[in-house]
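Protein sequence lines, in the order shown, are assigned to chains C and L. Numbering-wise (the numbering used here), the first sequence opens with residue 736 and increments by one. Numbering-wise (the numbering used here), the second sequence opens with residue 10 and increments by one. Every residue, glycine too, gets a C-beta built ideally from N, C-alpha and C.
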Amino acid sequence: MAQYDAIIIGAGMSGLAAGIRLAMFDKKVVILEKHVIPGGLNSYYSRRIPETKELINFDVGLHALTNFARPRAKGKPFTKLLKQLRIPYDAFKLKEQSHSVIQFKSAALKFSNELELLRSEIAKVFPTEIDNFDRFTRYIEEYNEVDLQAQYVSARGVMRQYFKEELLQEMIIAPLLIYGSAWENDMDFSQFAIMFKSLYLEGFSRPEGGVRTIIDLLINRYKELGGELRYRANVESIVVKDRVQGVSLKNGEFLETKKILSSAGLPETFSMVNKETEFKPQVGKLSFTESIYLLKDKTPLKDFAATIVFYNSTDKYHYRKPNELIDSSSAVFCLPDNYERENTEGHATVRVTNMANYDLWKELDRKTYLSKKELVFEQAKELGAKLLGGPMDVVFKDVFTPTTVERYTKHFQGTVYGSSTKLRDGKTEIPGLYIIGTDQGFLGIVGSILSGISMANLHGLMENN
Amino acid sequence: MSTENVKQIVLDIIADVAPDEELDGLNAAESLRDQLDLDSMDFLDIVMELRKRHKVEVPAEDYPKLATLDSCVEYLTPKFVS
């Protein structure tokens, strides 16, 4: 029978990072991944363009790597991550965003990797609020958002203490909600602070080659440290007596361990435990559709430099599970080609994310499902035409729905930001069972990687010795 | 093992744990944290490397004894001898 110091469930960002930390210090560790490729919620795939037969790579998940930091920047999350994984800065080949835009009905604010742009935009559009914005920024800079004991505090409540203009509050919180909140319309202030820093104070970049560059770096690092990774490894149950005993796989194999770090999600992890517990974590309500399309060439981008547009057709931002298939009143519009561009040749990629209702997608029959996907794409194309201001010559398109997310990630109801119950210290009521990744509570790709690192440090390296 | 050797061992580990830090001209009597960008995660790595490379154990309650280069040497040298 195979015995391990630790078993990690899921080869996403957090699982791979945790695996690297444990393998680095000679722990015998295996990562169990259900899917045939790594990455989890941030993954990749390739498709051929029907007409030209060109093979194109697409990212799933990642619009942007948040937490941009320059080489050797002190005390930044991204720099910490590099040190802990011992990966050199240059290996990520980061390309910075040009700028992004928060575009509401009656105002727009640009921001970039320099805080000054957002400051000057606010000073221009909301002149009475700029001092408040500076005070608020200072408060967040000093806030310890990674305190593992922090209790839930409403982010909107804190914002109201600093700002008067409702529209400005809506505009500031909108990108932070859609880039990571598991709660509807509001978020925990410590998560808000993480997101505020990672989006507005640090900013966006994208590795050359997209998310695959990050995944390959993590996989190679893990393997060179001697870590074991199994694909198509289906966990039948997490076997618990007084503490964790091991994992049974669907193929009948039993893997013995005293420690499991699960990135499967909190409700998903507990559904695998072979023992009844009182603990009933909430399945998060938030899921999304994502439309990806390729334009024949980059001409429409000639006069459009923005990397990401957080679009909202009204002045009130609704972040919630919609009552229809998708909420088309708002969207995140991303142009991956508008990170530092290497060339003007080739196709332009457009990605459009909308909030979506899992239940409504789930109940569709096959034929209706396909026609509704077509409608989602048409709306994404319309938004593209509106923002880019011209006809759209689309040569390839694809749409993901909440059921696609569910199928590939096994997250219940296709949730993207996990459960609304978070376990900040990673500890569950079951000795030896720990939660890493989104449901531990750090956000984004950098957050997920740091989650894997810090939980592996805390529960895999420090405690047992 | 001489104190000079132990000092070099600690410096070698810091150089690997925090490759971007400039270690020349470090004041051995002053706090490492004040002079270098080291956080608790980096200190954990120093402890883990001591165990991995030299089989030297540093229990969590003794972490404060690694505060300066001098205190590291003072605390670790007897462990290397035994």
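Tell me which same chain residues have a C-beta within less than 7 Å of the C-beta of residue i, skipping the five on either side of it?
i	result
alanine 917/C	Gly1019, Leu1021, Tyr1152, Gly1153, Ser1154, Ser1155
histidine 1066/C	A quick correction: the sequence has alanine, not histidine, at residue 1066/C. Tyr1046, Val1087, Thr1088, Asn1089, Leu1118.
aspartate 79/L	Ala37, Ala38
alanine 804/C	Lys811, Phe813, Thr814, Glu937
leucine 41/L	Leu47, Ala76, Thr77, Leu78
leucine 20/L	Leu32
leucine 912/C	Met922, Tyr1054
Cutting at 8 Å between CB atoms, please list the residues of its own chain near residue i, excluding the five before and the five after it.
i	result
leucine 964/C	Ala746, Gly754, Val765, Ile766, Glu768, Pro773, Ile954, Tyr957, Lys958
serine 933/C	Thr801, Asn802, Pro812, Leu1178, Gly1179, Val1181, Gly1182
aspartate 25/L	Glu58
asparagine 1200/C	For asparagine 1200/C, the pLDDT reaches just 42, beneath the cut-off of 50, and the residue's location in the model is therefore unreliable, although a value from the coordinates is still provided. Same-chain partners within the cutoff: there are none.
serine 1064/C	Asn1047, Ser1048, Thr1049, His1053
Give me whichever residues DSSP pairs with residue i in a beta bridge.
i	result
asparagine 969/C	Paired residues: none, contrary to the question.
phenylalanine 846/C	Ser835/C
asparagine 920/C	Asparagine 920/C is not bridged to any residue.
serine 889/C	Asp923/C
asparagine 1089/C	Thr1024/C
proline 942/C	Leu829/C
alanine 737/C	Leu990/C
alanine 1083/C	Leu1030/C
isoleucine 766/C	Ile743/C, Leu964/C
aspartate 794/C	Tyr779/C
glycine 981/C	Val974/C, Glu991/C
serine 40/L	Thr77/L
isoleucine 1170/C	Ser997/C
Under a three-way DSSP split, which group does residue i fall into?
i	result
asparagine 1200/C	Note that asparagine 1200/C scores 42 on pLDDT, short of 50, meaning its location in the model is unreliable; the coordinates nonetheless yield the value given after this. Looking at asparagine 1200/C - three-state DSSP - the assignment turns out to be coil, as it is neither helix nor strand.
valine 67/L	coil
alanine 24/L	helix
isoleucine 682/C	There is no way to answer for residue 682/C, as the model of chain C reaches only from 736 to 1200.
tyrosine 84/L	helix
serine 841/C	coil
alanine 76/L	coil
serine 11/L	coil
lysine 809/C	coil
alanine 799/C	coil
tyrosine 878/C	coil
tyrosine 957/C	helix
tyrosine 935/C	helix
arginine 62/L	helix
glutamate 789/C	coil
arginine 947/C	helix
isoleucine 884/C	What sits at residue 884/C in the sequence shown is glutamine, not isoleucine. Here glutamine 884/C sits in coil by DSSP.
glycine 34/L	coil
glycine 774/C	strand
tyrosine 914/C	coil
proline 823/C	coil
leucine 751/C	helix
alanine 758/C	helix
isoleucine 1184/C	helix
leucine 903/C	helix
alanine 804/C	coil
isoleucine 18/L	helix
aspartate 1203/C	In the structure as shown, chain C begins at 736 and stops at 1200. Residue 1203/C is therefore absent and cannot be evaluated.
aspartate 48/L	coil
asparagine 1078/C	coil
glycine 1195/C	helix
glycine 1176/C	coil
For residue i, which residues of its own chain have a beta-carbon under 6 Å away from its beta-carbon, when the five flanking residues on both sides are left out?
i	result
asparagine 920/C	Tyr1054, Arg1055
tyrosine 1028/C	Val1085, Val1129, Lys1132
methionine 10/L	Phe89
valine 893/C	Phe924
isoleucine 18/L	none
arginine 783/C	Leu790
asparagine 867/C	Tyr897, Phe898
cysteine 81/L	Val19, Leu75
I'd like to know whether the C-beta of residue i is nearer than 9 Å to at least one C-beta of chain D.
i	result
methionine 748/C	Included in the structure are the protein chains C and L, with no chain D among them.
Would you mind listing the beta strand (DSSP E) stretches within the region 995-1076 of chain C that are 3+ residues and don't spill past its ends, in chain order? 995-997, 1022-1030, 1043-1047, 1065-1069
Compile a chain-ordered list of the residues in the region 54-70 of chain L whose CB is closer than 8 Å to at least one CB of chain C. For the region 54-70 of chain L, the set of positions with a beta-carbon nearer than 8 Å to some beta-carbon of chain C reads Asp54, Met57, Arg60, Lys61, Glu66, Pro68, Ala69 in chain order.
Beta carbons nearer than 8 Å to chain C: which residues of the region 21-46 of chain L have them? Asp25, Val26, Ala27, Pro28, Asp29, Asp46: these are the residues of the region 21-46 of chain L whose beta carbon lies less than 8 Å from some beta carbon of chain C, given in chain order.
Segments of 4+ residues assigned as alpha helix (DSSP H) that fall wholly inside the region 1096-1168 of chain C: The region 1096-1168 of chain C contains, as complete alpha helix (DSSP H) runs of 4+ residues, the segments 1101-1123, 1137-1144 (chain order).
Please list the residues of the region 798-823 of chain C that have a C-beta atom closer than 7 Å to any C-beta atom in chain L, keeping them in chain order. Arg807, Lys809, Gly810, Lys815, Lys818, Gln819
Against chain L: residues of the region 1184-1197 of chain C by CB proximity under 8 Å: Those would be Ile1188, Ser1189, Asn1192, Leu1196, Met1197, in chain order.
Given a limit of 7 Å on CB to CB distance, which residues of the region 744-774 of chain C reach chain L? Phe760, Asp761
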